[in-house]
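Comments concern the structure below.
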Amino acid sequence: MKKFDFLKKIKKEKIFLPKESLKEVSGIEVLKNIIAPSGLEINSSFLKLGNLYGKSFFIFSYPSYLDFGWLNEIINLERIFDVGIFFHPVDVSSALKQLRKKAAQIAAQIAELEEKGYVRDPELEAAYQNIERLRDALQKAQEKLFRVGFYLTLWAESLEELEAAEKEISLLLEGKLIYLKPAVFLQWEGAESCFPLGLDKIKVHNILDTLPASTFFPFVSLTLCSDEGVLYGINLHNSTPVILDRFSLENANMLIFAQSGAGKSYFAKLETIRSLMRDIEVLIIDPEKEYKNLAFALDGDFFDISIASDYKINPFDLPKGSPDESNEEILKSNILTLVGLLKLMLKEVPPEKEPLLYQALEKVYELRDITPKTDFSKISQYPLLSDLEAVLEGMEGGKELAQRLYPYTKGVYAGFLNHPTTIKIKNRLVVFSLRDLEEELRPIAMYLILNFIWDSIRSNLKRRIVLIDEAWWMMRYPDSASYLSALVKRARKYLLGITTITQNISDFLNSPYGMPIITNSSLQFLLKNSPANSKLIAKTLGLSEVERRLLERFDVGEGLFLTSLGHVPIKVISSYTEHKLITTKPE
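Structure, rendered in structure tokens:
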């Protein structure tokens, strides 16, 4: 049986259609009339197609050098337009003849200048060298020449909107030394040249070689994919993985801005897991107990900081210090830190009272026989806050400050600061939770914990990340904001990367210490934000209008990843196991 013989057995039947259906079928023949606009009006300088106004342009001048991706900014504009780009190959033999002729003309001009004793003309010499370079490349088949035509047709609902779009695009191109001209009396031909018909009706061309011609490709996007590092997500432009080692950058600090529910904590947890896999220690200040399950799942330490908690930190403890620090430097540094903490606790300390605090702190340490000459490794007991209270009470002018310390020594907050330290950092993942702590104590606790972490790690250098969630708590007060800013600046020296996360962007950016933190963070991850916040962020970070609009339209888990290498929109992705570890949504 021959192949497909079974088809002969199929009974042939005539198909009868009702007259109404036949009318519908015959209507296909006039499909053009159905979809065509109501009318077309062609003027010398614009078109009117139905209810839309259009205007066609061509590029008539390019600079001597074109950057890759120069067309990206135009393509991403929120305007309605069509673009037609035509490449007509130039015959190599005829091009070589013309170039040889041109080279001879320029060489003659140069020789004439030399004969007359005139100063050489660098412009002529550069032109001659460029022609010779191009001739060599064409002869070796390393280059090709093209007659390139670039046509653009703008569409708008009114002539005013059309004019505004023309100005916007013209300004963008002129900033790149590229100049447009309206296709006067060739408006329809310009529109046809932009339709997907392959018709070059205007035929206004510039001759370009391969390299500048290749820059016309409009979909060039940045790729961030290093040989080693953490997978941060997938590039939304080209679906390539975004893999980066933050410790290979100028500094390892990161800043995360996002509105509530945009996925900032999810992203931070994901980076935590992947950093631990690379033997990077992670220490987290967690105001909302979001990282508790992650800490338990990965056998990390979880310290629940509260007034009633058994986990205590004594701010008077002295750090081990780095090998190049003297005892005097360690002691003075800790006194400075304590003054900052006390100013945060007491809300306001008059400038004339600050010297009193320094004197009292020095005396508190002296009473425990702790001086620059002491062997700090043999100290068995450090002062407590109640010791400072007692010293202040006995000093002239110090009684008022001592009374203001009362809530922290014997009052409602006595269980918070007035105890020896009971916490030790042992694991590679450490989480400090502040959810059960009163809100007014949170900035104080964040300051205290951050200083405790800093003191614990600076004598033992290894790659670490300190993650501060809801950092706006610290940015609301000058002393805590100043301390955070100082640590961000110093972190690189100690192989430390500080990740600062906030949703209250105005508090962060309005602080005088916000900008130093931004400028000292090589990485910024911007997830979805409100229009008001996106404008503030765009102005601060110098984002383009397209990038600003992206911030308002991102889905959950999508954001703009900013590095010194470039800006990339990414989608955060996780494996099934990672997702189960870090999600807070009930499933």
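Under the working numbering, the letters of the sequence shown match residues 740 to 1326, in that order. Ideal Cβ positions, reconstructed from N, Cα and C, are used throughout, including at glycine.
Ser-1072 to Leu-1173, Cα distance in whole Å? As a working mapping, residue 1072 is identified with position 333 in the sequence shown. As a working mapping, residue 1173 is identified with position 434 in the sequence shown. Roughly 26 Å separates the two Cα atoms.
Taking a contact to mean a Cβ-Cβ separation below 8 Å, would you say Leu-1080 touches Ile-1183 in this structure? Stepping through the sequence shown from its first residue, residue 1080 is reached at position 341. Stepping through the sequence shown from its first residue, residue 1183 is reached at position 444. Taking 8 Å as the Cβ cut-off, Leu-1080 and Ile-1183 qualify as a contacting pair.
In chain order, what residues of the same chain lie with their CB nearer than 6 Å to the CB of Ile-995, ignoring the 5 residues before and after it? Numbered from 1 along the sequence shown, position 256 holds the residue referred to as residue 995. Within the same chain, Lys-1003, Ile-1240, Phe-1264 come within 6 Å of Ile-995 by CB-CB distance, once the 5 residues on both sides are set aside.
Buried or exposed by the 16-neighbour rule on C-beta atoms within 10 Å, applied to Leu-804: The residue given as residue 804 occupies position 65 in the sequence shown. The identity of residue 804 in the sequence shown is Tyr, whereas the question assumes Leu. Note on Tyr-804: under 16 other CB atoms within 10 angstroms of its CB, so exposed under the neighbour-count rule.
Other residues of its chain near Phe-934: CB distance less than 8 Å, five sequence neighbours each side excluded: As a first step, residue 934 is located in the sequence shown; it is residue number 195 there, counting from the start. Excluding the 5 residues flanking it on each side, Phe-934 has same chain C-beta neighbours closer than 8 Å at Asp-821, Gly-823, in chain order.
Count the other CB atoms, across all protein chains shown, that sit within 10 Å of the CB of Leu-1124; report buried if there are 16 or more and exposed otherwise. Position 385 of the sequence shown, counting from 1, holds the residue named residue 1124. With 16 or more other Cβ atoms within 10 Å, it is buried.
His-976 beta carbon less than 8 Å from that of Lys-1051: One-based indexing of the sequence shown puts residue 1051 at position 312. One-based indexing of the sequence shown puts residue 976 at position 237. With contacts defined as CB atoms closer than 8 Å, Lys-1051 and His-976 fail to qualify as a contacting pair.
Where in the region 1143-1176 do unbroken runs of the alpha helix (DSSP H), each at least 4 residues long, occur, reported from the N-terminal end onward? Within the region 1143-1176, the alpha helix (DSSP H) runs of at least 4 residues that lie entirely inside it are, in chain order, 1153-1156.
Sheet register partners of Asp-806 (DSSP bridge): In the sequence shown, the residue the question calls residue 806 occupies position 67. Paired residues: none, contrary to the question.
Less than 8 Å between the C-beta atoms of Gly-968 and Asp-948, yes or no? Taking the first residue of the sequence shown as 1, we reach residue 968 at position 229. Taking the first residue of the sequence shown as 1, we reach residue 948 at position 209. No, they are not a contact pair.
Out of curiosity, what's the CA-to-CA distance linking Lys-762 and Ile-774? On the sequence shown, position 23 is the one that residue 762 refers to. On the sequence shown, position 35 is the one that residue 774 refers to. Note that Lys-762 has pLDDT 49, beneath the 50 cutoff, so the model's placement of it is unreliable and no number is given.
In chain order, what residues of the same chain lie with their CB nearer than 6 Å to the CB of Thr-962, ignoring the 5 residues before and after it? Locating residue 962 in the sequence shown gives position 223, counting from the first residue. Counting only Cβ-Cβ distances below 6 Å, and skipping sequence neighbours, we find Thr-979.
Less than 8 Å between the C-beta atoms of Ala-952 and Phe-796, yes or no? Within the sequence shown, the letter at position 213 stands for residue 952. Within the sequence shown, the letter at position 57 stands for residue 796. No, these two residues do not count as a Cβ contact at 8 Å.
Between the Cα of Tyr-1222 and those of Asn-1249, Gly-1253, Leu-936, spot the shortest distance and give me the residue it belongs to. Sequence index remark: in the sequence shown, residue 1222 carries index 483 (1-based). Ranking the options by Cα distance to Tyr-1222, first place goes to Gly-1253.
Go ahead and pull the three-state DSSP assignment for Phe-956. Here residue 956 is taken as the residue at index 217 of the sequence shown, counted from 1. Phe-956: coil per DSSP, three-state reduction.
Tell me the start and end of each unbroken beta strand (DSSP E) in the region 1224-1250 that is at least 3 residues and wholly inside, in chain order. With a minimum length of 3 residues, the continuous beta strand (DSSP E) runs that stay inside the region 1224-1250 are 1235-1241.
Residues that Tyr-792 bridges to, as DSSP identifies them: The residue you call residue 792 lines up with position 53 of the sequence shown. Per DSSP, Lys-787, Ala-895.
Three Cβ pairs or more, each shorter than 8 Å: is that satisfied between the region 839-853 and the region 903-923? A contact between stretches requires three or more CB pairs, one per stretch, nearer than 8 Å, and the region 839-853 fails this requirement with the region 903-923.
How far does the alpha helix (DSSP H) with Phe-1006 in it reach, from first residue to last? Here residue 1006 refers to the residue found at position 267 of the sequence shown. Start and end: 1003-1015.
Rank Leu-1206, Asp-1025, Ala-930, Gln-1120 by C-alpha distance to the C-alpha of Leu-779 and give the top, closest one. Translated into the one-based positions of the sequence shown, residue 779 becomes position 40. Answer by Cα proximity: Ala-930.
I need the boundaries of the alpha helix (DSSP H) containing Tyr-1332, first residue and last residue. Only positions 740 to 1326 of the chain appear in the structure, and residue 1332 is not among them; the question remains open.
Helix, strand or coil: how does DSSP classify Ser-1313 here? The residue given as residue 1313 occupies position 574 in the sequence shown. Coil at Ser-1313, not helix or strand.
Between the CA atoms of Lys-1008 and Gly-1133 - distance to the nearest angstrom: Locating residue 1133 in the sequence shown gives position 394, where the first residue counts as 1. Locating residue 1008 in the sequence shown gives position 269, where the first residue counts as 1. Per the coordinates, the alpha-carbon of Gly-1133 lies some 49 Å from the alpha-carbon of Lys-1008.
Under 8 Å between C-beta atoms of Val-1130 and Lys-1031: Residue numbering aside, residue 1130 sits at position 391 when the sequence shown is read from its first letter. Residue numbering aside, residue 1031 sits at position 292 when the sequence shown is read from its first letter. No, they are not a contact pair.
Three-state secondary structure (DSSP) at Gln-844? If you number the sequence shown from 1, residue 844 lands on position 105. The three-state reading of DSSP puts Gln-844 in helix, counting H, G and I together.
Can the beta-carbon of Asp-1194 be found less than 8 Å from the beta-carbon of Pro-1058? The residue given as residue 1194 occupies position 455 in the sequence shown. The residue given as residue 1058 occupies position 319 in the sequence shown. For the 8 Å CB-CB criterion, Asp-1194 and Pro-1058 form a contact.
I think Leu-912 touches Ala-834, with their Cβ atoms under 8 Å apart; what is that distance to the nearest whole Å? Indexing the sequence shown from 1 puts residue 912 at position 173. Indexing the sequence shown from 1 puts residue 834 at position 95. Contact doesn't hold; Cβ gap of about 27 Å is too wide.
Between the alpha carbons of Trp-809 and Ile-1312, how many angstroms are there, rounded? In the sequence shown, the residue the question calls residue 809 occupies position 70. In the sequence shown, the residue the question calls residue 1312 occupies position 573. Cα to Cα, the separation comes out at about 30 Å.
State the DSSP-derived secondary structure class of Gln-837, mapped to helix, strand or coil. As a working note, residue 837 is residue 98 in the sequence shown. It is helical.
Measure the C-alpha to C-alpha separation of Asp-1043 and Thr-954 and round it to an integer number of angstroms. Looking up residue 1043 in the sequence shown gives position 304. Looking up residue 954 in the sequence shown gives position 215. Straight through space, the alpha carbons of Thr-954 and Asp-1043 are spaced by roughly 56 Å.
Would Gln-878 be called buried (16 or more neighbouring beta carbons within 10 Å of its own) or exposed? As a working note, residue 878 is residue 139 in the sequence shown. If you draw a 10 Å sphere on the C-beta of Gln-878, you find fewer than 16 other C-beta atoms in it, and that means exposed.
Measuring CB to CB, does Leu-925 end up less than 8 Å from Ile-908? Along the sequence shown, read from residue 1 onward, the residue named residue 925 stands at position 186. Along the sequence shown, read from residue 1 onward, the residue named residue 908 stands at position 169. For Leu-925 and Ile-908, no; Cβs fall outside 8 Å.
Rounded to whole angstroms, what's the CA-CA distance from Asp-806 to Leu-1282? Just pull it up for me. As a first step, residue 806 must be located in the sequence shown, where it is residue number 67. As a first step, residue 1282 must be located in the sequence shown, where it is residue number 543. Straight across, the Cα-Cα distance linking Asp-806 with Leu-1282 is about 19 Å.
Cα-Cα separation, Thr-1121 to Leu-1095: Reading the sequence shown from its first residue, position 382 is the one you call residue 1121. Reading the sequence shown from its first residue, position 356 is the one you call residue 1095. Going by the sequence as given, residue 1121 is Tyr instead of Thr. So the two alpha carbons sit approximately 21 Å from each other.
Taking Gly-972 as part of the beta strand (DSSP E), name the residues at either end of that continuous run. Counting from one through the sequence shown, the residue named residue 972 turns up at place 233. Run containing Gly-972: 969-974, per the beta strand (DSSP E) assignment.
Taking 8 Å as the cut-off, decide whether the C-beta atoms of Phe-889 and Ile-798 are in contact. Along the sequence shown, one-based indexing puts residue 889 at 150. Along the sequence shown, one-based indexing puts residue 798 at 59. For the 8 Å CB-CB criterion, Phe-889 and Ile-798 form a contact.
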